[in-house]
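In our numbering, the protein residues as written are 909 to 1587. For each residue, glycine too, the CB sits at the ideal point set by N, CA and C. Note that the structure is predicted; figures quoted are calculated from it, not measured.
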């Protein structure tokens, strides 16, 4: 039998050719180039930016034309490899070095331990043997270095695949399909592959954090792999070890220096989301405030929240557990006052405000930039959804608006010193100044009426205090927080999806140098906050007092009357009691007692008045007088359980002290009594 001549083997690279041809098409497509880098590249840049230091080196595998470097506004320290020569030539214009490399079959042209970060976006699904590329990446990473990897998540597309019988398109390429996908992965697959490649740790970088079923919800697998401090050897293919579910930490050294306060009550799930989001952001000084139960039914959940707060061991923490219920307003303002007694700036998060990683560098940069501009009242982490066409035209990542924010807000002590806790007095000042608060949204009129009628809020004090000083707040064009509390679980919020936000695609680092109100951005803002059928001053560029009838209108209702017709602050017992309670909370018991006694003389036994007087007396060390006041409350209102409980506390204290005259053990009556007395 005659031997057949052996044909020389010719290497065929159909995937590579298709990819190179695709890049030729991309680089000639102006519409595609205009949108290049949105979505996942911006998300990756958002994760990286807070962690990057000037000396760090970043390797971008599958770098394309260098879009990641554009998003990071960074050239020095950026290195790239790609399969398409045309794309690499473009990347060379932007990166310190870029080369044509097929990671499937070629080693990376850098020595061991060369990079702090490697970015591997939507490449691994195109590699014949994923282990080869991952081991090479592990080699060039420095000890402790991080790999940021993304790939389509097959679990998130199963339902769509059942419907269409094909895998849905996941890329932004100008082709009608995703070409060249050789593998489909789940989070578990990537965790296992990283372990096999010698990575010491793998963490979810999901857009959903570690919340719920992120492994099924996120359309992309986002994972961070960390190289250990020593090289590790691995054997086998897939392992059965459980994955690590953690909030991503790309911060390898940067610290967030702004003192941060978290104000919590009775929502353990929400509080946990906030703490998880804070954990890896390098918080230097963390203040945790836990309000006491308002009613007995809240005790269990408040206890669960306190267990969470006590477990925080990743920051320098001061935990303040209230012994009486402060309520929302006093909890937030009390937290701010506490922190400002020690620091000159603050970031405040309530227990349902979950920050994105970009919040922290944004807040720090803005606080530094505008510290000496007294018209900037503060910084907001929340931003409404602004239309894409407006954001594309607007040259900055943040904008000013004449309304304070209470969702992930930051400010300076110098601004907080302007905060006036006396809402009725503020209202009179606003009326006398002809201040039109509808310039911040016509809903502020309704909000002010609710606050004057006793709603437990603090924001209207901050609104009026800022507006009287012609203050503005800086808002991000893309929200840097997500409020997870609009689910009916809060004491002062209902259920709504109106203020839902999208994940930010970039960190807002382009900040305006001058204060101005963009009319298009303002119009969108008003569309969220104006009440149907209301009117406001159309001159959005003016922020100070206006010569108009104060407060405009609410729907078909008549014009709101001036403040002095709404309230008489001089002799209103509720106003006096509220002021006394605030003084008592700030340690001014002598002044508070004088006000309580004044109301007692003029008004008699207002419900709960003697109870709050007894608390004040006890704090002054007059325990026996406090017991007399408590029993006076019970003589008029025998069923007052708060008074009954406090009576027993005082009896025990007197017995413990012997003579009982000057003891103070820190016990105070439940704040529900204080609130009732102030109504």
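| Check | Outcome |
| --- | --- |
| Cβ contact (3+ pairs, closer than 8 Å) linking the segment 1520-1535 and the segment 1259-1278 | no |
| Residues near residue 1590 in its chain [Cβ-Cβ closer than 6 Å; skip 5 each side] | There is no way to answer for residue 1590, as the model of the chain reaches only from 909 to 1587. |
| Runs of alpha helix (DSSP H) wholly within the segment 1171-1224 (minimum 4 residues, chain order) | 1176-1187, 1207-1218 |
| Test item: CB-CB of residue 1373 and residue 1328 under 7 Å | yes |
| Assigned secondary structure, residue 1339 (DSSP; H/G/I helix, E/B strand, else coil) | helix |
| Ranges of the beta strand (DSSP E) found wholly within the segment 1227-1259, counting only runs of at least 3 | 1253-1258 |
| For residue 1283 and residue 1421, the rounded distance between their alpha carbons | 13 Å |
| Sequence-distant residues of its chain with Cβ nearer than 7 Å to residue 949 (five each side left out) | 975, 976, 979, 1029 |
| Beta bridge counterpart(s) of residue 1261 as assigned by DSSP | 1391 |
| DSSP three-state assignment for residue 1282, whether helix, strand or coil | coil |
| Own chain, CB closer than 6 Å to residue 1364, minus 5 neighbours either side, in chain order | 1235, 1236, 1237 |
| Own chain partners of residue 1366 with C-beta closer than 6 Å, once the 5 adjacent residues on each side are dropped | 1237, 1240, 1241 |
| CA-to-CA distance, residue 961 to residue 1035, given in whole angstroms | 31 Å |
| Inside the segment 944-1019 only - alpha helix (DSSP H) runs reaching at least 4 residues | 948-956, 975-980, 993-1000 |
| Stretch pair the segment 1348-1358 + the segment 1303-1315: three plus CB contacts closer than 8 Å | yes |
| Rounded distance between the beta-carbons of residue 1193 and residue 1167, thought under 8 Å | 4 Å |
| Span of the alpha helix (DSSP H), counted from its first residue to its last, around residue 1427 | 1427-1437 |
| Alpha-carbon to alpha-carbon, residue 1392 and residue 1007 | 44 Å |
| Meets three-Cβ-pair contact criterion under 8 Å: the segment 1045-1061 and the segment 1088-1103 | yes |
| Span separating the alpha-carbon of residue 1229 from that of residue 1390 | 26 Å |
| Residue 1185 and residue 1263 closer than 7 Å at C-beta | yes |
| Three or more C-beta pairs below 8 Å linking the segment 1409-1420 and the segment 1293-1308 | yes |
| Cα-Cα separation between residue 1385 and residue 1024, rounded to whole angstroms | 30 Å |
| Integer Cβ distance of residue 1266 from residue 954, believed to fall under 8 Å | 5 Å |
| Spatial neighbours of residue 1316 in its chain, beta-carbon cut-off 8 Å, leaving aside the 5 residues before and after | 1255, 1256, 1257, 1261, 1263, 1267, 1288, 1289, 1290, 1388, 1389 |
| Neighbourhood of residue 1213 by C-beta distance below 8 Å, restricted to the same chain and skipping five residues each side | 1172, 1173, 1174, 1175, 1176, 1179, 1198, 1259 |
| Local conformation of residue 1467 per DSSP, three classes | With a pLDDT of 31 at residue 1467, under the threshold of 50, the predicted position of this residue should be treated as unreliable, though the coordinate-derived value follows. Residue state, collapsed to three classes: coil. |
| Element boundaries [alpha helix (DSSP H), containing residue 1517] | 1517-1527 |
| Proximal residues to residue 1436 (C-beta, below 6 Å), its chain only, five neighbours per side dropped | 1292 |
| Limits of the unbroken alpha helix (DSSP H) element including residue 1373 | 1367-1376 |
| Beta-bridge partners of residue 1133, as assigned by DSSP | 1055, 1110 |
| Cβ-Cβ separation, residue 1323 to residue 1285 (assumed contact under 8 Å), whole Å | 5 Å |
| Distance, residue 999 Cα to residue 1448 Cα | Note that residue 1448 scores a pLDDT of 43, beneath 50, so its modelled location is shaky and nothing firm can be said. |
| DSSP three-state assignment for residue 1021, whether helix, strand or coil | coil |
| Burial state of residue 1589 (16 or more Cβ within 10 Å) | The structure shown has nothing for residue 1589, since the chain only spans 909 to 1587. |
| Delimiting residues of the alpha helix (DSSP H) encompassing residue 1359 | 1351-1360 |
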